[in-house]
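Protein sequence lines correspond, in order, to chains A and B.
Quick note on the working numbering: the first sequence kicks off at 1 and runs consecutively.
Quick note on the working numbering: the second sequence kicks off at 1 and runs consecutively.
A virtual CB, placed ideally from N, CA and C, is assigned to each residue, including glycine.
Since the structure is predicted, the reported quantities are computational estimates derived from the model, not experimental observations.
Before any comments, here is the structure.
Protein chains: 2
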Amino acid sequence: MDTKTKILNAAELLFADKGFTGTSLREITSIAEVNLAAVNYHFGSKKELIKALMKRYLDELSPSLVASLEAVIKEPKQPTLEEVFTLFVEPLLSLNKLRENGTSNFLQLLGHSYTDSQGFLRWYITSNYPGIISNFTAAVQKAYPELSSEEIFWRLHFTMGTAVFTMSSTEALIDIASNDFNLQLSVADVIKRIIPYVAAGVGAPIPR
Amino acid sequence: MDTKTKILNAAELLFADKGFTGTSLREITSIAEVNLAAVNYHFGSKKELIKALMKRYLDELSPSLVASLEAVIKEPKQPTLEEVFTLFVEPLLSLNKLRENGTSNFLQLLGHSYTDSQGFLRWYITSNYPGIISNFTAAVQKAYPELSSEEIFWRLHFTMGTAVFTMSSTEALIDIASNDFNLQLSVADVIKRIIPYVAAGVGAPIPR
DNA sequence: TGTCATTTTAAACGTGTGTTTGATAATTAA
DNA sequence: TTAATTATCAAACACACGTTTAAAATGACA
């Protein structure tokens, strides 16, 4: 395995666990078993490493996700909101075939990218992968045409919050579920539990 | 104003904006216009400062919140979920009378406490203010008795995620709403928009 | 006024951070 | 094989961090 990949893999693990600010390059290069200077040599800076890490996942995720969203949009039949949200499950879970714990690592990274580092990553993502957002909005619009684009804007942000927050604390949640309810849960279980919730939230009656 | 309060106020501002890890004691004491050593003299450490900061809000919030939740629980009539969630609005907004931007600052702090600093604050909160959680759970149980305690556990966590995430990006959201939809929104508006969403999410039909 | 405890202060401590350097090693191309 | 490019390495850089120290200032009380 080449140095670049070794760094990315180690960074993924640590960043997902402890956030971007909470992880040092020395920890990363130590676990990756490469020289400290290798990060700056191969990626330029810590910031660029973070971007490269997200790119590795988003380039994998975006095409299949956008394709399935576009399919639903072009289809004559009107989808349910549950169907729209379920489109995310398979692409997300397929990340597990890429790398061990790929799904949860990616989702946790996504979570950190919204709270760490004053949102520079959020900007990077939304400006580099606009297809996901626009097609997602269109699909929701089709499933619930009475929703104004303002309402959709808000509800999709709430949904993002639900997903991102849940995923950045997945480990804790799975732990609690194991202790308090004697349930052995996986990331897939958590994802499937979210769908009815967010579908109902986005599908809430239009107020007033 | 005494030094302790000056520190707390400055810390609140900076922590809410940039997180606990992302804010240094030097920034805090500089904005508070006190000596660097004052934090360690008055609070002992950065960690204790963070706890004191959350305590200032939670001690203000907890009594009225717990009281109104208990009132709903003891009442003979069954509440709607919207009614239960609306109980949070007034206590939260009353924080604005305490300090400018009190509501959004507190909610952003809450958000950071779930992602920063490997969750030591989450532990502190849940173990020092258990009344909020248990009464909230009971109120939801009463509004939707068919929900198992497992389902409530999950859905309340999703709800927490929605609220916390939304609030940690309130500024950005208000900005976007102003640019894209020409809407001038306040924190109160955002809170009120969340309620139908989370009420519908928690009230979603029980799957399978 | 003088004494004592409390508070503030400037300076330093030790450690950890991201990044840069210049030499050495490994790989590739001619 | 030689020359040129690419990669690795140990070491140092400059800076920022939370915390500690010991002296100076302040305030309360006798």
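Handout entry: Cβ-based burial, N105/B [other Cβ within 10 Å; buried from 16]
Key = buried
Handout entry: Same chain only: Cβ atoms within 7 Å of A11/A, ignoring 5 sequence neighbours per side
Key = I28, L49 and L53
Problem - Within-9 Å CB hit, I7/A to chain B - result: no
Practice task
Within its chain, find whatever has a CB closer than 7 Å to the CB of F20/B; leave out the 5 residues flanking it on each side and keep chain order.
Solution key: I50, H112, D116 and S117
Exercise for the section: Check whether the Cβ atoms of L58/B and V39/B lie closer than 9 Å to each other. Expected result: One thing to note: L58/B has its Cβ no nearer than 9 Å to the Cβ of V39/B.
Problem - Selection from M167/A, D189/A, N179/A and A199/A that minimises the alpha carbon distance to A16/A - result: M167/A
Exercise for the section: Quick one: using the 10 Å Cβ neighbour count with 16 as the cut-off for buried, is W154/A buried or exposed? Expected result: buried
Handout entry: Buried or exposed by the 16-neighbour rule on C-beta atoms within 10 Å, applied to S169/A
Key = buried
Handout entry: Reduced DSSP category for M1/B - H, G, I as helix; E, B as strand; rest coil
Key = coil
Practice task
May I have a chain-ordered list of the alpha helix (DSSP H) segments no shorter than 4 residues that lie completely inside the stretch 34-108 of chain A?
Solution key: 38-43, 46-74, 81-86 and 89-98
Handout entry: Opening and closing residue of the alpha helix (DSSP H) in which S148/B lies
Key = Here S148/B belongs to no alpha helix (DSSP H), and DSSP marks it neither H nor E.
Problem - Option in N128/B, A204/B and L36/B with minimal Cα separation from E146/B - result: A204/B
Problem - Simplified DSSP state of S24/B, which is helix, strand or coil - result: Coil.
Exercise for the section: Specify whether the stretch 71-91 of chain A and the stretch 130-144 of chain A touch according to this definition: at least 3 beta carbon pairs, one from each stretch, less than 8 Å apart. Expected result: In the pairwise beta carbon analysis, the stretch 71-91 of chain A is classified as touching the stretch 130-144 of chain A: at least three pairs are separated by under 8 Å.
Handout entry: Cβ neighbour criterion (16 or more within 10 Å) applied to Y41/A
Key = Result: exposed.
Handout entry: Nearest neighbour of S149/B, chosen from L93/A, F181/A and I132/A [CA to CA]
Key = The shortest C-alpha separation from S149/B is found at F181/A.
Practice task
Count the C-beta pairs between the stretch 74-94 of chain A and the stretch 186-206 of chain A that are closer than 8 Å, then say yes if the count reaches three, no if not.
Solution key: yes
Exercise for the section: Go through the stretch 113-200 of chain B residue by residue and report every complete run of the beta strand (DSSP E) that reaches 3 residues or more, in order. Expected result: Here no run is fully enclosed.
Exercise for the section: Leaving aside the five residues before and after V34/A along the sequence, list all residues of the same chain whose C-beta is less than 8 Å from its C-beta, in chain order. Expected result: Cβ within range, chain order: T3, K6 and I7.
Exercise for the section: Name the residue from A37/B, V202/B, K46/B and S94/B whose alpha carbon lies nearest to the alpha carbon of P63/B. Expected result: S94/B
Practice task
Determine the chain B residues that contact P196/A at a beta-carbon separation under 8 Å, and present them in chain order.
Solution key: A204, P205 and P207
Problem - Cα-Cα separation, L98/A to N9/A - result: 11 Å
Practice task
Taking C-beta pairs closer than 7 Å, name the residues in chain A that R193/B reaches, listed in chain order.
Solution key: W154
Handout entry: DSSP-derived helix/strand/coil call for G203/B
Key = coil
Exercise for the section: Identify each residue in the stretch 169-193 of chain B for which the Cβ-Cβ distance to at least one residue of chain A is less than 9 Å, and report them in chain order. Expected result: S169, A172, L173, I176, A177, D180, F181, L183, V190, K192 and R193
Exercise for the section: Rank A177/A, D189/A, I206/A and S134/A by C-alpha distance to the C-alpha of A67/A and give the top, closest one. Expected result: S134/A
Practice task
Could you check what DSSP says for G111/A in three-state terms: helix, strand or coil?
Solution key: helix
Practice task
At 7 Å on the CB atoms, spell out the chain B contacts of T162/A, in chain order.
Solution key: F158, G161 and T162
Handout entry: Beta-carbon neighbours of A200/A, restricted to chain B and to distances below 8 Å
Key = A200, G201, G203, A204 and P205
Problem - Environment of G44/B [buried if 16+ CB atoms lie within 10 Å] - result: Burial check for G44/B: the Cβ neighbour count within 10 Å stays below 16, so the residue is exposed.
Practice task
Assign L183/A to one of two classes, buried (16 or more other C-beta atoms within 10 Å of its C-beta) or exposed (fewer than that).
Solution key: L183/A counts as exposed, since fewer than 16 other C-beta atoms from the protein chains shown sit within 10 angstroms of its C-beta.
Problem - Residues that G19/A contacts on chain B, provided the C-beta gap is smaller than 8 Å - result: T21, T115 and D116
Practice task
Show which residues of chain B have a CB atom less than 7 Å away from the CB atom of T166/A.
Solution key: Chain B residues near T166/A: H157, F158 and G161.
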